[in-house]
Amino acid sequence: MTDRPTPRFRFPRSAPLLALAALLAAVLGLASPAQAQLQLRIGGGNFQPLPIAVAEFGGDPSLGGLISGVVTNDLRRSGYFTPLEKARFPENPPFDAAPNFEKWRATGVQGLVTGRVVRDAGGRLKVEFRLWDVTSGQQMIGQQYATDPANARRAGHLISDQAYTKITGLGPWFDSRIAFVDETGPKENRRKRLMVMDQDGANVRAITTGEMSIVAPRYSPSTQDIAFMAQAAGHQPRVQVINLETGSRQAFGSVDSMSASPRFSPDGRRLVMSVQQGGNADIVTMDLASKAQKPITSGLAIDTSPTYSPDGSQIIFESDRGGSQQVYVMGADGSNPHRITFGTGSASQPAWSPRGDLIAYTRQRNGGFAICVAKPDGTGERVLTEGFHNEGPSFSPNGQYVVFFRDPGGSGGGKLFMVDITGHVEQPVPTPSYASDPTWSPLLGAR
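As structure tokens, then:
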């Protein structure tokens, strides 16, 4: 057996939320994947999830069951896999030998994940897994992770990403987090706190205490920061940025004007946001180091919800300059602004996919709210989900899913959901209470 180490993932240790030990991955040269053909093609009217089995990981029984459970749940929630129920498993396959493929084929599964979790003398974990193509009887991938037991769930997400990416050809997304506004209390006086959790709803942490009402948080694509609009009683709403590693917070914008809808530039060094003075709102950019502001729109319209393209060359935003809220695009310096959404109703809250191929937005028409996607020039609009009060789209790190919130009205509150860009998959995203304004983080290992 030969091990080829890959670069370590580094995470801050000072903040409890992000205190993750480094993970070391190494390819296991145990079987040749050259003949493996297992692949799932997404899209099309006859799409069917791929049947797969995730065997309970051997070794440490408590952590093995935890990690295999995380992998099973991740793959099921993606909508692209149907995990086999444990009661139908034909065997408990040993990790150091090939499974009995004939028995597994009889269950109808096409893929199989096996694994093992062991502790070393110092108490650290070695988590190993293999992904098998049941039809061909070939190993597709084998890998191991060394980590602290506290990071067992995260090891499961990394395994899920490996299996998902190998079979679908799409980028990873399970090793990520979602920040959102947690809403508690009576509807007329909600306490709105910033919270962060794993993308599957685990490890929820409150980032603010509720002393200020939080709206529209957004992750930085390159730093440990989240920007949001905060309002304290008797004060104008202002943009703030909180660092998740240190807990430090900074306010931006003038105390005499309302600043809202902050978004980071791709390099994390600038903010673009909306600043309201009088009856209009203009979009400005701000250098985070110097706090120097530069207006990039002007006029009598309300321009808001700006978002950079992944390469930083363009900005999409919403404006009522044409008479109703619609989505516009312009150069990052404010040049050549032009409308890209047309048709019935209004369009607002645009978000740019990390892949750069799509934008998502909320379309309001005929009393309903739809989450839509279109190409960056506005063509090819597709409705992903439609109903009452769907809002706040944000893309997953691989651009394949959109998280949003749905508020049914009445005395209740919003809940988070995610939908894939084909519109075939829609899943609830668990939160402790009512929730709104979700924002998806980049992959944790990419920061």
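Residue numbers for the sequence shown, in mature numbering (1 follows the signal peptide of the UniProt record, and there is no 0): -36 to -1, 1 to 411. Yeah, the Cβ is synthetic: ideal placement off N, Cα and C, and Gly gets one too. Here the structure is a predicted model, which means the values were calculated and not measured.
- The DSSP-derived three-state label of Gln289 is coil.
- Between the beta-carbon of Val383 and that of Tyr398 there is about 19 Å, and that puts the pair past the 8 Å contact cut.
- Rounded to whole angstroms, Asn207 and Gly332 show a C-alpha spacing of 37 Å.
- Collapsing the DSSP output to three states places Ile206 in a strand.
- Per DSSP, the unbroken alpha helix (DSSP H) holding Gly120 starts and ends at Ala116 to Thr132.
- In the three-state scheme derived from DSSP, where H, G and I count as helix and E and B as strand, Gly342 is classed as coil.
- Under the DSSP definition of a beta bridge, Arg94 partners with Thr78 and Gly106.
- Linking Glu20 to Ile142 through their CA atoms gives a straight-line distance of about 27 Å.
- With respect to Asp284, Ile260 sits apart: the two C-beta atoms are not nearer than 9 Å.
- In terms of Cβ geometry, Val91 and Ala110 form a close pair [threshold 9 Å].
- Beta-bridge annotation (DSSP): Met294 is paired with Ile279.
- In the structure shown, the three-state DSSP call for Ser221 is coil.
- Leu264 is classed as exposed because its beta carbon has fewer than 16 other beta carbons within 10 Å across all chains shown.
- Between Gly135 and Pro361, the CB-CB gap stays under 9 Å.
- For Asn244, the enclosing beta strand (DSSP E) covers residues Asn244 to Asp251.
- Taking the Cα positions, Glu390 is about 22 Å away from Asn330.
- In the three-state scheme derived from DSSP, where H, G and I count as helix and E and B as strand, Phe138 is classed as coil.
- With a 10 Å radius around the Cβ and a threshold of 16 neighbouring Cβ atoms, Pro372 comes out exposed.
- Looking at the backbone, the Cα of Ala324 and that of Ala311 are separated by about 10 Å.
- Gln108 counts as buried, since no fewer than 16 other beta carbons sit within 10 angstroms of its beta carbon.
- Listed as beta-bridge partners of Pro57 by DSSP are no residues whatsoever.
- C-alpha of Leu158 to C-alpha of Met176: approximately 10 Å in a straight line.
- Nearest Cα to Pro230 within the set Ala253, Tyr183 and Ser262: Tyr183.
- Each residue's CA atom was taken as its position, placing Thr46 and Arg88 some 32 Å apart.
- Under the three-state reduction of DSSP output, Thr36 falls in the helix class.
- Across the structure, Gln240 and Pro201 are spaced so that their CA atoms are roughly 10 Å apart.
- C-alpha of Leu322 to C-alpha of Ser262: approximately 27 Å in a straight line.
- Phe369 places its beta carbon 9 Å or farther from that of Asp341.
- Uninterrupted beta strand (DSSP E) stretches at least 3 residues long and entirely within the stretch 305 to 362 occur at 310 to 316, 323 to 329, 332 to 338, 346 to 351 and 354 to 359, given in chain order.
- Lys50: not part of any beta strand (DSSP E); DSSP gives it neither H nor E.
- Each residue's CA atom was taken as its position, placing Ser269 and Met193 some 12 Å apart.
- DSSP places Phe65 inside the alpha helix (DSSP H), whose first and last residues are Phe65 to Ala70.
- Look at Leu14 here: in three-state DSSP terms it is strand.
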